[in-house]
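S.K.: Once you know that position 42 of the sequence shown is 42 in UniProt numbering, the rest is easy, because the numbers rise by one and skip nothing.
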Amino acid sequence: MGRVIRAQRKGAGSVFKSHTHHRKGPAKFRSLDYGERNGYLKGVVTEIIHDPGRGAPLARVAFRHPFL
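This is the structure:
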């Protein structure tokens, strides 16, 4: 007899379910403004957040001198 392959085991859930209870929310972009349409903005990463339901960390960015 053969084995159950990994993709088949993931379909069953259990160990492979994502941890959704303490989620930090969706990753979002800023709305496009004059500075981003006609150049670029500089920003500083203020915080790196661990999100339990995600495979990669989230970064909180503070943008400098946004155009008005």
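Note that the Cβ used here is the ideal one computed from N, Cα and C, for glycine as well. These numbers come from a predicted model, not from an experiment.
Tell me, please, whether the region 1-18 touches the region 29-45 by the rule of three or more beta-carbon pairs shorter than 8 Å.
M.R.: Output reads no: the region 29-45 does not touch the region 1-18.
S.K.: If you pair each beta-carbon of the region 51-66 with each one of the region 6-23, do three or more pairs fall below 8 Å?
M.R.: Touching, per the Cβ criterion.
S.K.: Can you look up phenylalanine 29 in the DSSP assignment and give me helix, strand or coil?
M.R.: Three-state DSSP puts phenylalanine 29 in coil, outside helix and strand.
S.K.: Can you name, in chain order, every residue of its own chain whose Cβ lies under 7 Å from the Cβ of lysine 10, other than the five neighbours on each side?
M.R.: If we look at lysine 10 and ignore the five residues flanking it on each side, its Cβ neighbours are Phe16.
S.K.: How long is the line joining the alpha carbons of serine 14 and glycine 43, rounded to whole angstroms?
M.R.: Whole-angstrom Cα-Cα distance: 40 Å.
S.K.: Just to confirm the assignment, what range does the alpha helix (DSSP H) spanning arginine 6 have?
M.R.: Looking at the DSSP string, the run of the alpha helix (DSSP H) that includes arginine 6 is 6-12.
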